[in-house]
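Asks: Below is the structure I would like to discuss, written out as structure tokens.
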Amino acid sequence: MVLLAHDERLPPGSPPVAIKCIARWWLCGDRQRKCAEREIKNHRKLYHKHVVAFREAFLTQTHLCIVLDYATRGNMHRLLRDCYGGRVEEDVARWYFQMLITAVDYCHKRGVSNRDIKLDNLLVEQTDEQCLPILLICDFGLSKHNESITPPSTNVGTPIYQAPEVIFSCGQCDYDPEMVDIYSCGVVLYRMLFGIDKAPMGDLHMEPNQSYQEYVHKLQALIVSKGDDAVLLPRPGCGQLSSECMDLLRRMLAVDPGNRITMDEIWAHPWFTVDLPRGTRKYNSAMCSSAVLEKHFSKVQSEEELQEIVAASGQRNLTNGLVHRVGSIRRLF
Numbered sequence: 001m002v003l004l005a006h007d008e009r010l011p012p013g014s015p016p017v018a019i020k021c022i023a024r025w026w027l028c029g030d031r032q033r034k035c036a037e038r039e040i041k042n043h044r045k046l047y048h049k050h051v052v053a054f055r056e057a058f059l060t061q062t063h064l065c066i067v068l069d070y071a072t073r074g075n076m077h078r079l080l081r082d083c084y085g086g087r088v089e090e091d092v093a094r095w096y097f098q099m100l101i102t103a104v105d106y107c108h109k110r111g112v113s114n115r116d117i118k119l120d121n122l123l124v125e126q127t128d129e130q131c132l133p134i135l136l137i138c139d140f141g142l143s144k145h146n147e148s149i150t151p152p153s154t155n156v157g158t159p160i161y162q163a164p165e166v167i168f169s170c171g172q173c174d175y176d177p178e179m180v181d182i183y184s185c186g187v188v189l190y191r192m193l194f195g196i197d198k199a200p201m202g203d204l205h206m207e208p209n210q211s212y213q214e215y216v217h218k219l220q221a222l223i224v225s226k227g228d229d230a231v232l233l234p235r236p237g238c239g240q241l242s243s244e245c246m247d248l249l250r251r252m253l254a255v256d257p258g259n260r261i262t263m264d265e266i267w268a269h270p271w272f273t274v275d276l277p278r279g280t281r282k283y284n285s286a287m288c289s290s291a292v293l294e295k296h297f298s299k300v301q302s303e304e305e306l307q308e309i310v311a312a313s314g315q316r317n318l319t320n321g322l323v324h325r326v327g328s329i330r331r332l333f
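Using full-length UniProt numbering, you'd call the opening residue of the sequence shown number 1 and step up by one each time.
Listed below in structure tokens is the structure:
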């Protein structure tokens with residue numbers, strides 16, 4: 001559940017905030033509580049113009065609440081559906097895709113892989129400076145930090161956007177989460193260009209009454225029989241897409257992660273660099289500087305405080321200190 005709210009500590013007329021509410025009964029299990037802690041701690045590490053800002057977390061008697069900046073235009077899926085008829089031309093797709101890659105590259109520099117990049121998790125915000133909305137990544141519920149004790153092997157994400165190595169891992173084999181994010185970004189670009197109801201592997205959708213295992217078996221059979229040819233792209237020279245765009249899509253959606261394009265190669269790709277604002281990647285490096293991060297961390301709750309809040313979320317009886325905090329916060333929203 002996500003609520004729209006106003007923070008009464010801010011001056012009148014300040015932008016509203018979004019509050020993601022997670023029921024505390026669901027957090028009684030260790031696994032669920034660890035997921036919530038990972039989401040909050042990883043999101044806290046990020047401070048970037050194309051990442052939805054984390055503000056704070058607090059408890060009510062019934063929910064763990066995560067306060068985030070509110071994006072006025074909703075998500076990319078809705079924007080494509082309502083404003084573009086389901087798909088966009090290359091130049092518009094590139095506008096959004098450049099912001100997506102900028103954000104994902106920054107997250108990777110901060111050690112955070114999202115593992116659930118999809119149109120629904122990309123928010124859009126209209127600014128006075130730009131004729132087109134800007135894109136922001138949100139939702140780090142399935143994210144993984146590179147300093148995690150356990151290597152990524154869990155089968156997570158949304159089927160259409162999942163990289164083949166995630167699906168085939170079955171929770172047993174490790175994979176590179178950064179390469180997984182690159183594949184998912186490729187699916188986002190594919191759907192922006194061909195339609196929000198399209199999938200890189202054609203009609204291979206997960207049907208409402210189909211089990212995930214059935215979907216996996218069909219996907220495995222398709223990839224084994226066709227390899228990279230399982231990805232449906234227009235014939236070269238047909239005029240539907242430029243050759244540079246086709247090349248980028250093909251390399252991002254490579255079935256074998258060893259053959260997939262890297263982040264550095266995306267930044268140098270001729271399709272990606274068209275009209276790319278000067279200094280974009282230097283901005284990412286600057287936002288990882290100790291001076292910027294120290295300033296950011298001084299304005300948000302400490303990792304220890306957030307860990308205490310999440311730990312208490314699974315308890316039936318809160319400590320007096322947290323009860324007092326809940327009382328003061330609840331009156332503000």
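For each residue, glycine too, the CB sits at the ideal point set by N, CA and C.
1) Based on DSSP bridge pairs, tell me the residues matched to E56.
2) Where does L276 fall in DSSP's three states?
3) In chain order, what residues of the same chain have a beta carbon less than 8 angstroms from the beta carbon of F272, not counting five sequence neighbours either side?
4) If we call anything under 8 angstroms between Cβ atoms a contact, is S143 one with S113?
5) Suppose the cutoff is 6 angstroms on Cβ atoms and the five residues either side in sequence are ignored; what does the same chain contact list for S328 look like?
6) Do the CB positions of P200 and V231 come within less than 8 angstroms of each other?
7) Which first and last residues belong to the alpha helix (DSSP H) in which K109 is found?
8) Please determine, among H296, T280 and K20, the residue with the shortest C-alpha to C-alpha distance to V64.
9) Quick check on this structure: which residue in L122, D228, R281 and P12 has the alpha carbon closest to the alpha carbon of P133?
10) Between the alpha carbons of L80 and R316, how many angstroms are there, rounded?
11) What are the start and end residues of the beta strand (DSSP E) that includes residue 336?
12) How many angstroms separate the CA atom of L193 from the CA atom of D91?
13) In the region 220-249, which residue ranges form an unbroken alpha helix (DSSP H) of at least 4 residues, counting only runs that do not cross its ends?
14) Among A71, A36 and L253, whose alpha-carbon lies nearest the alpha-carbon of I223?
15) Return the Cβ separation of H5 and V17 in integer angstroms, given the expectation that the two are a contact with Cβ distance under 8 angstroms.
16) Determine the DSSP secondary structure at S313, reduced to helix, strand or coil.
Replies: Let me lay it out:
1) V67
2) coil
3) R94, F97, Q98, I101, L248 and I266
4) yes
5) Note that S328 has pLDDT 40, beneath the 50 cutoff, so the model's placement of it is unreliable and no number is given.
6) yes
7) E90 to K109
8) The sequence as given places Leu at residue 64; Val does not occur at that position. Minimum Cα distance to L64 is reached at K20.
9) L122
10) 43 angstroms
11) This structure leaves residue 336 out entirely; the chain is present only between 1 and 333.
12) 10 angstroms
13) none
14) L253
15) For clarity, residue 5 is Ala in the given sequence; the question names His instead. That pair is a contact at about 6 angstroms.
16) helix
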